[in-house]
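Asks: One structure, as structure tokens, below. Some questions next.
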Amino acid sequence: MDVAHKGRAQALLQVGSPLFNTHRQTLLELVAKRRLPATCEARVFVVEGCLMAYGPSFPAMWYRAAIYVDKILKGTKPADLPMEQPMKFELVINLKTAQALGLTIPRPSSSKPMR
Numbered sequence: 005m006d007v008a009h010k011g012r013a014q015a016l017l018q019v020g021s022p023l024f025n026t027h028r029q030t031l032l033e034l035v036a037k038r039r040l041p042a043t044c045e046a047r048v049f050v051v052e053g054c055l056m057a058y059g060p061s062f063p064a065m066w067y068r069a070a071i072y073v074d075k076i077l078k079g080t081k082p083a084d085l086p087m088e089q090p091m092k093f094e095l096v097i098n099l100k101t102a103q104a105l106g107l108t109i110p111r112p113s114s115s116k117p118m119r
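This is the structure we're talking about:
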């Protein structure tokens, strides 16, 4: 994070990594201290303080995985099952973090409420 600070980084893009997931709290504390807006891998990071995340919905992928497990347990050969890509994606924004960074997030045009 010192390199980012010395290099005058204006934002952080956190990519999927077991290292970042393991040290999630430290990462979030550092971006908060440096007041860096961060785009993170998943919803859990946003809930804990990251500015935003965009990516596949993990609950939707787990649901699809359960369907595959069910088919395999009922006798379908794994090689006979088609490969699937995520179909549901989500954009999650932490409004408290946005406010702390002095950012204004416009209201969504859909009827879903912001939380």
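The numbering of the sequence shown is this note's numbering, which starts it at 5 and goes up by one. Every residue gets a Cβ at the ideal spot worked out from N, C-alpha and C, and that includes glycine. Here the structure is a predicted model, which is why all the values come from computation and not from measurement.
#1: Following the continuous alpha helix (DSSP H) through Glu33, name the residue where it begins and the one where it ends.
#2: Could you check whether Gly59 and Phe93 sit closer than 8 Å to each other, using their CB atoms as the reference points?
#3: Taking the alpha-carbon of Arg68 as reference, which of Gly11, Gln89 and Leu31 has the nearest alpha-carbon?
#4: Let me check understanding here. Comparing Cα to Cα, which of Arg38, Phe49 and Lys10 lies closest to Phe62?
#5: In three-state DSSP terms, what is Pro60?
#6: If we ignore side chains and look at the alpha-carbon of each, how far apart do Gln14 and Ala64 end up?
#7: Take the Cβ of Val51 as the centre, count every other Cβ of all protein chains shown within 10 Å, and call the residue buried at 16 or more, exposed below.
#8: Relative to the alpha-carbon of Ala57, which residue among Trp66, Pro110 and Thr43 has its alpha-carbon at the smallest distance?
#9: To the nearest angstrom, report how far apart Asn98 and Lys75 are at their CA atoms.
Replies: Per the coordinate set shown:
#1: Arg28 to Arg38
#2: yes
#3: Gln89
#4: Phe49
#5: strand
#6: 32 Å
#7: exposed
#8: Thr43
#9: 38 Å
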